[in-house]
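Asks: Quick note on numbering: the sequence shown equals residues 1 to 306 in the numbering used here. In this text, a Cβ means the ideal position worked out from N, Cα and C, and glycines have one as well. Just dropping this structure here.
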Amino acid sequence: MKKQLICLSFLLCNLLINAQKSDFEGRWDLEIDFQGKKAPSWLEIRHSGHATHVGRFVFAFGSARPVAEITIKDNNFSFIIPRQWEPEGEDMKLVGRLNNNTLTGTITYTDGSSIPFTGIRAPKQPHKALYVEEKPIALFNGKNLEGWHADREENQWQVNDGILVNPKSGANLISDQKFRDFKAEIEFKYPKGSNSGIYLRGRYEVQIEDNYGYTPMDIYFGGIYGFLEPNENAALPAGEWQKYEITLIGNRVTIVANGKRIITDQTIPGITGGALDSKEGEPGAFMIQGDHGPVEFRKFLVTPLN
């Protein structure tokens, strides 16, 4: 009996050792050199069972995608991931190294080119239960594009009869002012089949899409793209005015869509594809996605929280 207890204790100790947290585990804000520009990316690494590591990865665009297995040896790690919205070609491979709590390495793109990256741990974003509401700010004045700028030279956004209009796919629209914690009231409308989104702090996309009647998903109306699924689909039919009431404190978000609470105080794990940057610890601008489909806005009211 004593021998059996000793063997059992030894086995349990081995299991605990094998399941111990690796230095690689956690969430990482990445920056990549992609197509001649700096672009944000994101990686999560966690252990699964005794000795396997799995994760999630966000490239410069697209949604968070699962990583089936991450190989870790000494200070090096690697994984292979199928393409999502990337051009046809080979699966992408990421190879990196951890040194002084910083990740460095390369991504082999679908066309075989090499994309360097660096990464730091995503900062903790404390959630405050008590806050003071400051004076609301009307980011859209109903007259012109004052307070906003486009992310490229050609700007198709316009104001018609007090409505902010994106008539066709083109530039994204970015607020000049940056925010940390806030409440936002946003009223919008889109035509049938259209697709847009609102990036909170320029990093976390709340999806806008014609998904009326669909089963709710994180890539559909009201979801935090690729991460948080609404508890119901509150979308109205295309062509009707709709409303989001969004509260973001730290990285915890609450969304009320058309009077229905669809996400309640949920943690956003990391940046979504298409973000402006991966600097999660800093204030950020609002970005309205204009490179997908037509959309209109008649209200964009932001109340900072301190």
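1. Classify A285 as buried or exposed, calling it buried when 16 or more other Cβ atoms lie within 10 Å of its own Cβ.
2. Please confirm whether any heavy atom of the ligand FMN lies closer than 8 Å to the CB of N99.
3. For G284, does the three-state DSSP call read helix, strand or coil?
4. Relative to the C-alpha of P304, which residue among G89, W42, T247, N155 is closest?
5. Taking F59 as the reference, give the member of G293, P283, E296, I271 with the closest Cα.
6. Please go through the segment 110 to 146 and give each complete beta strand (DSSP E) segment of 3 or more residues, from N-terminal end onward.
7. Helix or strand or just coil, what does DSSP make of Y214?
8. Taking C-alpha atoms, which residue in G112, F182, N144 lies nearest to L130?
9. Are there 16 or more other CB atoms within 10 angstroms of the CB of N166, so buried, or fewer, so exposed?
10. Is it right to say A122 is buried, meaning 16 or more other beta carbons lie within 10 angstroms of its own, or is it exposed?
11. Does DSSP classify T247 as helix, strand or coil?
12. Just the Cα atoms here: how many angstroms apart are G142 and I80?
13. When DSSP labels each residue in this structure, what does A51 get in the three-state scheme?
14. Using a Cβ distance threshold of 8 Å, determine whether the segment 84 to 95 contacts the segment 222 to 241, with at least three qualifying pairs required.
15. Pair every Cβ in the segment 252 to 264 with every Cβ in the segment 225 to 237, then say whether three or more of these pairs are closer than 8 Å.
16. Evaluate contact between the segment 144 to 160 and the segment 64 to 77, counting only Cβ atoms and requiring at least three cross-stretch pairs below 8 Å.
17. Count the other CB atoms, across all protein chains shown, that sit within 10 Å of the CB of R201; report buried if there are 16 or more and exposed otherwise.
18. Can you list, in chain order, the residues of its chain with a C-beta nearer than 7 Å to that of P294? Leave out the 5 residues immediately preceding and following it.
19. Using C-beta distances below 6 Å, list every residue in its chain close to V256, excluding the 5 sequence neighbours before and after it, in chain order.
20. Could you tell me which of F117, N211, R298 sits nearest to K37, measuring between CA atoms?
21. If I'm right that D29 touches I120 with Cβ under 8 Å, what's the distance once you round it to whole angstroms?
22. For T102, report the span of its beta strand (DSSP E) as first-last.
23. Which same chain residues, not among the five before or five after D111, have their C-beta less than 6 Å away from its C-beta?
24. From what residue to what residue does the beta strand (DSSP E) around L98 run?
25. By Cβ distance below 7 Å, which residues in the same chain neighbour M217 in space, the five residues on each side in sequence not counted?
26. Which value, in whole angstroms, describes the spacing of the CA atoms of E296 and A235?
27. Could you spell out the range, first to last residue, of the beta strand (DSSP E) harbouring R27?
Replies: In brief:
1. buried
2. As presented, the structure is devoid of all ligands, the ligand FMN included, so that no description of it is given.
3. strand
4. Comparing Cα-Cα distances from P304 to each of G89, W42, T247, N155, the minimum goes to T247.
5. I271
6. Along the length of the segment 110 to 146, whole beta strand (DSSP E) runs at least 3 residues long occupy 114 to 121, reported in chain order.
7. coil
8. The option with the nearest alpha carbon to L130 is F182.
9. buried
10. buried
11. strand
12. 48 Å
13. coil
14. no
15. yes
16. Counting Cβ pairs under 8 Å, fewer than three are found: no touch.
17. Result: buried.
18. N166, P167, K168, Y190, P191, S194
19. E245
20. Looking at the Cα atoms, F117 is the closest of the given residues.
21. 6 Å
22. 102 to 108
23. G89
24. 92 to 99
25. G223, E229
26. 15 Å
27. 26 to 34
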